[in-house]
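So in full-length UniProt numbering, spot 149 of the sequence shown is number 149, and the numbers just go up one at a time. In this text, a Cβ means the ideal position worked out from N, Cα and C, and glycines have one as well.
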Amino acid sequence: MAEAVMEFVREYGIASKVGYFMMDNASNMNTMIDKVSDDLEQEFNVFYDPLHHRLRCLGHIINLAVMEFLIGKRPPTTGPYHGPSNNEVAQWRKHGAIGKLHNVVVYITCTPQRLHSFTTLTDGLKLRRDNDTRWNSWYKMVEWALRPRVRQAVTIFCAQEPALQEDALTASDWATLVETCKFLEPFYDATVANEGAATSSISDVLPTMDYLLHHIESARETTSVPQLATMMETAWAKLADYYEATEDSPVYSAATVLHPSLKLAYMERTWKDRNDWVERAKARVEQLWRETYKSTTSCPAIRQGIAQEPTTGRPNRYKMWMKEQKATIFNTDDDEYDVYCREPVMMISDPLKWWLESAQRQRFPNLSLMAIDILSIAPMSTETERLFSRAKSSVTDQRGSMSIETLNFLECLRSWDKSAIVFPPECGYVVPKVAGFVSGI
1 MAEAVMEFVR EYGIASKVGY FMMDNASNMN TMIDKVSDDL EQEFNVFYDP
51 LHHRLRCLGH IINLAVMEFL IGKRPPTTGP YHGPSNNEVA QWRKHGAIGK
101 LHNVVVYITC TPQRLHSFTT LTDGLKLRRD NDTRWNSWYK MVEWALRPRV
151 RQAVTIFCAQ EPALQEDALT ASDWATLVET CKFLEPFYDA TVANEGAATS
201 SISDVLPTMD YLLHHIESAR ETTSVPQLAT MMETAWAKLA DYYEATEDSP
251 VYSAATVLHP SLKLAYMERT WKDRNDWVER AKARVEQLWR ETYKSTTSCP
301 AIRQGIAQEP TTGRPNRYKM WMKEQKATIF NTDDDEYDVY CREPVMMISD
351 PLKWWLESAQ RQRFPNLSLM AIDILSIAPM STETERLFSR AKSSVTDQRG
401 SMSIETLNFL ECLRSWDKSA IVFPPECGYV VPKVAGFVSG I
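As structure tokens, then:
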């Protein structure tokens, strides 16, 4: 993987511009970015801190916490066309109501005949099955099974099938599944809210994890099922581990501070009992600002949208005086970061769009570059994975000999066209200043 990245770096000549990697939590991702760091230093004499630039996909983190809650270290999920062994079924059953429901769903969906028999009980409604590749598939399986018509059909089908007698769901099992579904719903909501490509940003990562940790703590105190309380503790521990891992890179704290609706006030409020966390985060964000952005001199020029005033033959003393007052208010000797932090929090729905506005670009020329670099990072790798998934629709039977280069060009153009980035000049289309794409960046 590192060699594929370096090939791209060489082709586009961006050795000094390699940014952040949003990846899952597999250990080979650490190995890959370490190798990229070594190659950049040896081949281009570019220092690249792998720990600083290694970011973790929020969707994968949420999924790991959910899986830790549901079944911990689980047996492998069987394929769609192969029935599980008796040992696998027994292992799943040990996980209680969720494992028994899994066994029932797998049994029914393994053959067309069983699935047809089941759908005759539901007027055509099929079961939804968990899998290893789609986040929230377990939540959707439970949520769907709890629908009255589906739940009734599951009960009837289990009563008719001798092979499912040990997996028949009792009233207690169904009650556990109801609480499980209620517990999983905020994880589903958080995933959906952060996987969109339009306005989601890495600035949402810490607030999202704070929200879910608080949700787990509240649910653990109120659940009436002791087994679920234990499962919630394991989910909390898993999520807390990755919450601490966000300290490996200052980007998470910087993104929070650079969100005009959050700023330092969010961390001071959320971490009021951990002042050491607040001070450490502040120091690292300030260090990133000072060492990387404060002295930046290559700021892109911002086009002025104000028409030139007609000359009248003499200067307007009032306007000259007003210009002096504004220059005093916005002293160029002031530290941009300090000025920004001193200003009150404001309600902004899209922080990246706010920083792209000419008012912020002019007033905070260097800090705006830092904000755009950081806030343009998505909290998840979802959109990239969607691009890869869509690529398979381009390689049809009639296009089997398409080269990688051609596929690369095709997918780039499709993505750019969808984002309204590339249009012929004669069409007169004005590119919207959204999603991080604006002239001059």
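* Name, in chain order, the residues that DSSP records as bridge partners for MET22. => Partner(s): LEU55.
* **Cut-off 8 Å between Cβ atoms - residues of its own chain near PRO351, not counting five sequence neighbours on either side** => Result list for PRO351: SER201, SER203, LEU258, HIS259, PRO260, SER261, ALA371 and LEU375, in chain order.
* To do: Along the alpha helix (DSSP H) that carries ALA378, what are the first and last residues, could you check?
  => Segment: none, ALA378 is in no alpha helix (DSSP H) and carries neither H nor E.
* Proximal residues to THR208 (C-beta, below 7 Å), its chain only, five neighbours per side dropped -> Closer than 7 Å at the Cβ level, and outside the excluded window around THR208, lie LEU58, ALA190 and ASN194.
* DSSP on ARG129, reduced to helix/strand/coil? -> Here ARG129 sits in coil by DSSP.
* **Inter-residue Cα distance where the pair is GLU11 and ASP39** => Our two residues, GLU11 and ASP39, have alpha carbons roughly 15 Å apart in a direct line.
* To do: Go through its chain and collect everything with a Cβ distance to LYS319's Cβ below 7 Å, but skip five positions before and after it.
  => Correct list: empty, nothing qualifies.
* Asked: How far does the alpha helix (DSSP H) with HIS214 in it reach, from first residue to last?
  -> Here the alpha helix (DSSP H) through HIS214 covers 205-222.
* To do: Compare the beta carbon distance of LEU70 and TRP144 with 8 Å and say whether it is the shorter of the two.
  => Contact flag unset, no.
* Asked: Is ASP417 helix, strand or coil by DSSP?
  -> Correct three-state label for ASP417: helix.
* Asked: Applying the criterion that 16 or more other CB atoms from any shown protein chain within 10 Å of the CB defines a buried residue, is ILE404 buried or exposed?
  -> Result: exposed.
* Asked: Per DSSP, what kind of secondary structure is PRO260 in: helix, strand or coil?
  -> Collapsing the DSSP output to three states places PRO260 in coil.
* Asked: Taking 8 Å as the CB-CB limit, is TYR243 close to chain D?
  -> No chain D is part of this structure, which consists of one protein chain only.
* Asked: Can you name, in chain order, every residue of its own chain whose Cβ lies under 8 Å from the Cβ of LEU146, other than the five neighbours on each side?
  -> Within its own chain, the residues whose Cβ lies closer than 8 Å to the Cβ of LEU146, once the five positions on either side in sequence are excluded, are TRP174, LEU177, VAL178 and CYS181, listed in chain order.
* Asked: Are the stretch 277-285 and the stretch 241-259 in contact at 8 Å, needing three or more beta carbon pairs?
  -> Flag = yes, the stretch 277-285 and the stretch 241-259 touch.
* Leaving out five residues on either side along the sequence, give the residues of the same chain with a beta carbon under 7 Å from the beta carbon of MET322. => Hits under 7 Å: none found.
* **Outcome for MET347 when other beta-carbon atoms lying within 10 angstroms are tallied against a minimum of 16** => An exposed status is given to MET347, since fewer than 16 other beta-carbon atoms sit within 10 Å of its beta-carbon.
* Apply the 10 Å Cβ neighbour rule to THR31 and answer buried if 16 or more other Cβ atoms are within range, or exposed otherwise. => By the neighbour-count definition (other C-beta atoms within 10 Å, threshold 16), THR31 is an exposed residue.
* Asked: Closest by CA to PHE388, which one among TYR20, SER85, CYS412 and ASP417?
  -> Considering only alpha carbons, the answer is CYS412.
* Taking C-alpha atoms, which residue in THR170, GLN42, ALA391 and PHE118 lies nearest to ALA97? -> The shortest Cα separation from ALA97 among THR170, GLN42, ALA391 and PHE118 belongs to THR170.
* Terminal residues of the continuous alpha helix (DSSP H) containing PRO112? -> Counting along the chain, the unbroken alpha helix (DSSP H) around PRO112 starts and ends at 112-122.
* Would you mind giving the Cβ-Cβ distance between VAL89 and TYR48, rounded to the nearest angstrom? I have them listed as a contact below 8 Å. => At roughly 49 Å, the Cβ-Cβ gap does not stay under 8 Å, so VAL89 and TYR48 are not in contact.
* Asked: How far does the alpha helix (DSSP H) with SER85 in it reach, from first residue to last?
  -> Neither: SER85 is in no alpha helix (DSSP H) and is coded neither H nor E.
* If you draw a straight line from the C-alpha of VAL106 to the C-alpha of GLN362, how long is it? -> Cα to Cα, VAL106 sits roughly 59 Å from GLN362.
* **Closest Cα partner of GLN360 within the set VAL345, GLU336 and PRO344** => Comparing Cα positions, the closest option is GLU336.
* Would you call the CB atoms of MET6 and VAL36 closer than 8 Å? -> With contacts defined by Cβ atoms closer than 8 Å, MET6 and VAL36 form a contacting pair.
* In or out: ASP167 buried (at least 16 other Cβ within 10 Å) or exposed? -> Buried.
* Of the listed residues HIS215, THR382 and VAL395, nearest to THR133 (C-alpha basis) -> When each option's Cα is compared against that of THR133, the closest is THR382.
* To do: Rounded to whole angstroms, what's the CA-CA distance from LEU115 to CYS158? Just pull it up for me.
  => The alpha-carbon of LEU115 is positioned some 13 Å away from that of CYS158.
* Asked: What's the C-alpha gap between ASN366 and LEU288?
  -> C-alpha of ASN366 to C-alpha of LEU288: approximately 12 Å in a straight line.
* Measure the CB-CB distance between MET232 and ALA240 and report whether it falls below 8 Å. => Not closer than 8 Å, so no.
* Asked: Where HIS215 and GLU185 are concerned, what is the direct C-alpha to C-alpha distance, given to the nearest angstrom?
  -> The C-alpha of HIS215 lies about 10 Å from the C-alpha of GLU185.
* To do: Please list, in chain order, all residues of the same chain as PRO379 whose beta carbon is under 6 Å from its beta carbon, the five residues on each side excluded.
  => Once the five neighbours on either side are set aside, the close Cβ partners of PRO379 are LEU58, ASN194, SER200, ILE202, ASP204 and VAL205.
* Can the beta-carbon of ASP130 be found closer than 8 Å to that of HIS102? -> Note that the C-beta distance between ASP130 and HIS102 is below 8 Å.
* Identity of the residue in LEU264, TRP277 and THR230 nearest SER248 by Cα -> Note that residue 248 is Asp in the sequence shown here, rather than Ser. ASP248 has its Cα closest to that of TRP277, out of LEU264, TRP277 and THR230.
* Do you know whose CA, among VAL345, MET267 and LEU64, lies nearest ASN25's CA? -> For ASN25, the nearest C-alpha among the options comes from LEU64.
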